[in-house]
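What follows is one structure encoded as structure tokens, with my remarks underneath.
In full-length UniProt numbering, the protein residues as written are 1 to 556.
Quick look at the structure:
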């Protein structure tokens, strides 16, 4: 319920769904009405078991969003959060009253403390400062030591368990906690402002990507990255995007905005599209062709290509609204707006000094075009910032149909002075087709923030027969032949209907037994792939294959 509330507050507000807004407000009222005299926010489900703090944190973040969307509720919400922080203060003094997950997720609580301190201190500055100090003190070495180069898992040990370091807050053996630890490090940096905390963020992110980074922007649990795998569980992807986006808000480092954008446009969309972790199976839902196989047969790896969709329902759209929520941000003095993530948005807000601003962005970026057309209506003059992705060279911007001038970003942001009244901007973010070398001789193809791959299921018949699948699993490509393919007319969120495609000359190579795990793990020496079939043109698409199964292709 806590996670649901945090996501649905944004969904209800962004899409203006009255029924959902009513439900989230009822949920909030129930939590506040049942708050314990000691400050605990329930509701209690088992009074005999130990209390767990970490499941409460998403509710706290959702409550903050509700307070910002419904200012008339802010006073009561802030009061309840202060009482909960008081409960945490007592738990910290008692020692041992915070479980592993609570330590790994400390960043969420530090964000709550920062919000209370800045917006609703209510005379509790000393308590807030002391709780923040205690949390920072307890998470100092426990967080950063794992991400140090000498401690981080850098080799594939098979079934051999990597020795855990101590003290361990639980994120060495749980990927979700690893991702949340990054947000905690960012929250520590925001409150402390010390260079060491800032350096720890960069070191952690660099180490994680170096040894376990995935092309989609997330990370895998196989340091050798020999296997393609279903790393697309939506909740872990969502938390990855949230953590990296928050790291950008704290540091202003463009690499984190680029990272969050890559996660959203690749891992999150692909996972939401076909990935089994976004799907719930139930026997009562089955009404399709193969009910005799049971409701859970589609969960297993071998049946990703044959699952019966009639036995399933998709979970709520976790993560999507977080990207929309963070797409526009204000400067610290709330006098300027920053368009962080390019995309089709409409924003209505009030900046400092009562400056009412409405922004409308029309674009199909990054799927069909590289241009964003923006209309800004403002009561007063202000500075508007647009983020220029690091991959976009030669970006240009035109103001009120004037000449397209080169963007000159500073720390990734291009400043545009906006006058009172209406202003029209045309921003062009050119994207090049690039290739990245991957482990085991694979090559990853990308254009802009999007990854492209060959979808070997796109031409399969809809009867889900294994014999109908293309037997070729691996291809060697000639990167010099990569080019933009046909632009399709339809706009459908499916692999067979994406607008922009890429084309490349390729040939099948040895090791194409789909059902042989060793075939998937085959290592190809770069530049020495041996064709076992004729060269043909392949069409590459985004969201190819099932879920985030970026098999890649062998470099040729």
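Here a beta-carbon is modelled for each residue, glycine too, at the ideal position from N, C-alpha and C.
Remember, it's a predicted structure, so these values are computed and weren't measured experimentally.
Residue 501 and residue 450 do not touch by the CB rule: their CB atoms are close to 11 Å apart, not below 8 Å.
Beta-bridge partners of residue 218 (DSSP): none assigned.
In the assembly as shown, residue 401 is an exposed residue. Its beta-carbon has fewer than 16 other beta-carbons within 10 Å. At a cut-off of 3 residues, the continuous stretches assigned as beta strand (DSSP E) that sit fully inside the stretch 314-364 are 328-330, 337-339, 346-351, 355-362. DSSP, read as helix, strand or coil, puts residue 454 in strand. Within a 10 Å sphere around the beta-carbon of residue 333 sit fewer than 16 other beta-carbons, which makes this residue exposed. Nearest neighbour of residue 56 by Cα position, chosen from 33, 70, 78, 6, turns out to be 6. With a cutoff of 9 Å on beta-carbon distance, residue 8 and residue 62 are scored as near each other. A contact between stretches requires three or more CB pairs, one per stretch, nearer than 8 Å, and the stretch 105-113 meets this requirement with the stretch 124-134. Counting only unbroken stretches of 3 or more residues, no beta strand (DSSP E) element lies wholly within the stretch 55-118. DSSP places residue 382 in no alpha helix (DSSP H) but in the uninterrupted beta strand (DSSP E) bounded by 382-387. DSSP places residue 213 in the strand class (E or B) of the three-state scheme. By the CB criterion at 9 Å, residue 434 and residue 446 fall inside the cutoff. In this chain, the alpha helix (DSSP H) harbouring residue 234 covers 234-251. Less than 9 Å divides the Cβ of residue 236 from the Cβ of residue 175.
Between the alpha carbons of residue 115 and residue 455 lies a distance of about 45 Å. In the three-state scheme derived from DSSP, where H, G and I count as helix and E and B as strand, residue 431 is classed as coil. Annotated as distal: residue 251 and residue 188, with beta-carbon spacing of 9 Å or more. If the five residues before and after residue 423 are omitted, its C-beta is found closer than 6 Å to the C-beta atoms of 376, all from its own chain and listed in chain order.
With fewer than 16 other beta carbons inside 10 angstroms of its own, residue 194 counts as exposed. Taking residue 361 as reference, the option from 373, 27, 212 with the minimal CA-CA separation is 373. Assigned with DSSP and collapsed to three states, residue 41 falls in coil, not helix or strand. Contact holds between the stretch 380-393 and the stretch 414-431, because three or more Cβ pairs, one in each stretch, are under 8 Å apart.
Annotation: residue 339 to residue 190 spans about 21 Å, alpha carbon to alpha carbon. Put simply, the backbone Cα of residue 369 is about 16 Å away from that of residue 398. The residues 357, in chain order, have a CB closer than 7 Å to that of residue 349 in the same chain once the five nearest residues on each side in sequence are set aside. For residue 121, there is no enclosing alpha helix (DSSP H), as DSSP gives it neither H nor E. Of the candidates 207, 344, 122, the residue whose Cα lies closest to the Cα of residue 151 is 207. Counting every other CB atom within 10 Å of its CB across the protein chains shown gives residue 215 a total of 16 or more, marking it as buried. Closest by C-alpha distance to residue 379, out of 73, 386, 342, 419, is 419. When secondary structure is reduced to three states using DSSP, residue 267 falls in the helix class. Across the structure, residue 77 and residue 69 are spaced so that their CA atoms are roughly 12 Å apart.
Taking all protein chains in view, the Cβ of residue 15 is surrounded by fewer than 16 other Cβ atoms within 10 Å, so the residue is classified as exposed. Residue 38 is positioned such that its CB atom lies no closer than 9 Å to that of residue 1. Burial state of residue 94 is exposed, judged by a 10 Å Cβ sphere holding fewer than 16 other Cβ atoms.
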